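Asks: Chains as they are written, first to last, in this note's numbering: chain L, 82 to 160; chain E, 73 to 274.
For each residue, glycine too, the CB sits at the ideal point set by N, CA and C.
Treat the numbers as computed from the prediction; the structure is a model and nothing was measured.
Just passing along the structure, written as structure tokens.
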């Protein structure tokens, strides 16, 4: 069975199946980075307060939302 | 006075745009920092020169253009992408690539924006934001500043007039280094004048 799996990986379809799983895992992990950016923006805005603080927060949340959306899309389409 | 005319370009810039695009801001409006006293005024906010952003700026242009370039190359080589890359996979990968590119640009910009050196009427503050997980804030009263030197090294710094300012202090943090700030000679002069004034009053 493992042999069949290894052989399947060397086909175009098998290779892309593995790649799809890997990309989905990377996208899921990316959410942590996006969340970290949101947290860091909050801390940085607290340390150095400017009129741009709200804009940075909004961009951080939009980025996190985009990341979460693509995660859902990736799970639906690729897995 | 929300709109001000830039002396150099004649363009109308708001304090917000000035804050987002300038590396040396005199008397910034609506800006404060953690631990600021009520009777304290921020005189200057300094950052690394805008020129230092050129590397990541062009890198991010490359990131944004990469999917288009790959498509263009495949098209030029008459390779049908759809024949071997599943459409859903290409779609997800492209969208994720652009989200990653936006994240990269945002993180790099934050890194530049929040790495600030503040000169107030009482002290100097060095806020270092190394990466997403590390931040240092050090400060020294102006009266403790003992020696200020500046250095301009290399072709880029000479052409675009930016460099480092080393400040020796008698405070807990012995040495401050304002890295790659614009017009270092002028900043040194401003700091020297402030320190002299403070010491004269004492």
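1) Would residue 254 of chain E and residue 164 of chain E be called neighbours here (beta carbons separated by less than 9 Å)?
2) For chain L, find out if any of its Cβ atoms is closer than 9 Å to the Cβ of residue 73 of chain E; answer yes or no.
3) Looking at the C-beta of residue 111 of chain L, does it have a partner C-beta in chain E at a distance below 9 Å?
4) For residue 229 of chain E, name the three-state secondary structure that DSSP assigns.
5) When DSSP labels each residue in this structure, what does residue 238 of chain E get in the three-state scheme?
6) Apply the 10 Å Cβ neighbour rule to residue 75 of chain E and answer buried if 16 or more other Cβ atoms are within range, or exposed otherwise.
7) Is the beta carbon of residue 115 of chain L less than 9 Å from the beta carbon of residue 138 of chain L?
8) Would you decide whether residue 120 of chain L is buried or exposed? Buried here means 16 or more other CB atoms lie within 10 Å of its CB.
9) Who are residue 197 of chain E's beta bridge partners in DSSP?
10) Beta-carbon separation of residue 167 of chain E and residue 118 of chain E under 9 Å?
11) By the criterion of Cβ-Cβ separation under 8 Å, what are the contact partners of residue 165 of chain E in chain L?
12) Helix, strand or coil: how does DSSP classify residue 75 of chain E here?
13) Output, in chain order, the set of chain E residues within a Cβ distance shorter than 9 Å of residue 97 of chain L.
14) Assuming residue 90 of chain L contacts residue 97 of chain L under a Cβ cut-off of 8 Å, what Cβ separation, rounded to an integer in Å, is found between them?
15) Taking residue 96 of chain L as part of the alpha helix (DSSP H), name the residues at either end of that continuous run.
16) Please report the residue range of the beta strand (DSSP E) in which residue 253 of chain E lies.
17) Taking DSSP's pairing of strands, which residues face residue 116 of chain E in a bridge?
18) Would you say residue 168 of chain E touches the ligand NAP, meaning its beta carbon is less than 8 Å from a heavy atom?
19) Please decide whether residue 88 of chain E counts as near chain L, where near means a Cβ-Cβ distance under 9 Å.
20) Which term fits residue 113 of chain E, buried or exposed, when burial requires 16 or more other beta carbons within 10 angstroms of its beta carbon?
21) Pull the bridge partners of residue 219 of chain E from the DSSP assignment, please.
22) By DSSP, does residue 267 of chain E sit in helix, in strand, or in coil?
23) Could you tell me whether the stretch 254 to 263 of chain E touches the stretch 209 to 226 of chain E, using the rule of 3 or more Cβ pairs below 8 Å?
24) Can you list, in chain order, the residues of its chain whose CB lies under 6 Å from that of residue 141 of chain L, leaving out five sequence neighbours each side?
25) Over what stretch of residues does the alpha helix (DSSP H) that includes residue 148 of chain L continue unbroken?
26) Rounding to the nearest angstrom, what Cα-Cα distance links residue 193 of chain E and residue 113 of chain L in this structure?
27) Exposed or buried, which one is residue 120 of chain E when buried takes at least 16 other CB atoms within 10 Å?
28) Could you please tell me which residues of the stretch 188 to 201 of chain E, in chain order, have their CB closer than 7 Å to any CB of chain L?
29) Just the C-alpha distance for residue 116 of chain E and residue 226 of chain E, rounded to the nearest angstrom, thanks.
30) Tell me whether residue 199 of chain E is buried or exposed, calling it buried when 16 or more other Cβ atoms sit within 10 Å of its Cβ.
Replies: Reading from the atomic positions:
1) Indexing the second chain from 1 puts residue 254 of chain E at position 182. Indexing the second chain from 1 puts residue 164 of chain E at position 92. Taking 9 Å as the Cβ cut-off, residue 254 of chain E and residue 164 of chain E do not qualify as a contacting pair.
2) Indexing the second chain from 1 puts residue 73 of chain E at position 1. In this prediction, residue 73 of chain E scores a pLDDT of 42, lower than 50, which makes its location untrustworthy; no coordinate-derived value is stated.
3) As a position in the first chain, residue 111 of chain L is number 30, starting the count at 1. Interface residue, yes.
4) If you number the second chain from 1, residue 229 of chain E lands on position 157. Three-state result, residue 229 of chain E: helix.
5) As a working note, residue 238 of chain E is residue 166 in the second chain. Of the three classes helix, strand and coil, the one that applies to residue 238 of chain E here is strand, per DSSP.
6) Translated into the one-based positions of the second chain, residue 75 of chain E becomes position 3. Confidence at residue 75 of chain E is low in this model, with a pLDDT of 49, below 50, so its placement is unreliable and the value that follows should be read with caution. So residue 75 of chain E ends up on the exposed side.
7) Residue numbering aside, residue 115 of chain L sits at position 34 when the first chain is read from its first letter. Residue numbering aside, residue 138 of chain L sits at position 57 when the first chain is read from its first letter. It is not a contact, given that the beta carbons lie outside the stated cut-off.
8) Working through the first chain from its first residue, we reach residue 120 of chain L at position 39. Its Cβ having fewer than 16 others within 10 Å, residue 120 of chain L is exposed.
9) As a first step, residue 197 of chain E is located in the second chain; it is residue number 125 there, counting from the start. Answer is E:190, E:211.
10) Locating residue 167 of chain E in the second chain gives position 95, counting from the first residue. Locating residue 118 of chain E in the second chain gives position 46, counting from the first residue. The answer is no: Cβ separation not under 9 Å.
11) By 1-based counting over the second chain, the position of residue 165 of chain E is 93. Those within 8 Å of residue 165 of chain E in chain L are 104.
12) What you label residue 75 of chain E is simply residue 3 of the second chain in a count that begins at 1. A caution first: residue 75 of chain E carries a pLDDT of 49, below 50, which makes its placement in the model unreliable, though a value can still be read off. Residue 75 of chain E: coil per DSSP, three-state reduction.
13) Against the first chain, residue 97 of chain L aligns to sequence position 16. Under the 9 Å cutoff, chain E gives 156, 157, 158, 161.
14) To locate residue 90 of chain L, count along the first chain from 1; it is residue 9. To locate residue 97 of chain L, count along the first chain from 1; it is residue 16. That belief does not hold up - the Cβ atoms of residue 90 of chain L and residue 97 of chain L are roughly 10 Å apart, past 8 Å.
15) Counting from 1 along the first chain, the entry for residue 96 of chain L is found at position 15. Segment 93 to 128, the alpha helix (DSSP H) holding residue 96 of chain L.
16) For the purposes of this step, residue 253 of chain E is taken as residue 181 along the second chain, with counting starting at 1. Residues 247 to 254.
17) Here residue 116 of chain E refers to the residue found at position 44 of the second chain. According to DSSP, which records beta bridges pairwise, residue 116 of chain E is partnered with E:98, E:191.
18) Only the bare structure without any ligand can be found here, which leaves the ligand NAP out of the picture.
19) To locate residue 88 of chain E, count along the second chain from 1; it is residue 16. Chain L, which has a Cβ nearer than 9 Å to the Cβ of residue 88 of chain E, makes this yes.
20) Counting from one through the second chain, the residue named residue 113 of chain E turns up at place 41. The residue is exposed, with fewer than 16 neighbouring Cβ atoms inside 10 Å.
21) Position 147 of the second chain, counted from the start, is the residue given in the question as residue 219 of chain E. Its beta-bridge partners are E:240.
22) In the second chain, residue 267 of chain E corresponds to position 195, counting from 1. Residue 267 of chain E falls in the helix class under three-state DSSP.
23) yes
24) Counting from one through the first chain, the residue named residue 141 of chain L turns up at place 60. Only 118, 119, 122 meet the Cβ criterion.
25) Position 67 of the first chain, counted from the start, is the residue given in the question as residue 148 of chain L. Its alpha helix (DSSP H) spans residues 134 to 159.
26) Residue 193 of chain E sits at position 121 when you count from the first residue of the second chain. Residue 113 of chain L sits at position 32 when you count from the first residue of the first chain. The alpha-carbon atoms of residue 193 of chain E and residue 113 of chain L are separated by roughly 40 Å.
27) Here residue 120 of chain E refers to the residue found at position 48 when the second chain is read from its first residue. By the 10 Å Cβ count, residue 120 of chain E comes out buried.
28) 188, 199, 201
29) The count along the second chain starts at 1 and reaches residue 116 of chain E at position 44. The count along the second chain starts at 1 and reaches residue 226 of chain E at position 154. Here the alpha carbons of residue 226 of chain E and residue 116 of chain E stand approximately 26 Å from one another.
30) On the second chain, position 127 is the one that residue 199 of chain E refers to. Buried, since its Cβ has 16 or more Cβ neighbours within 10 Å.
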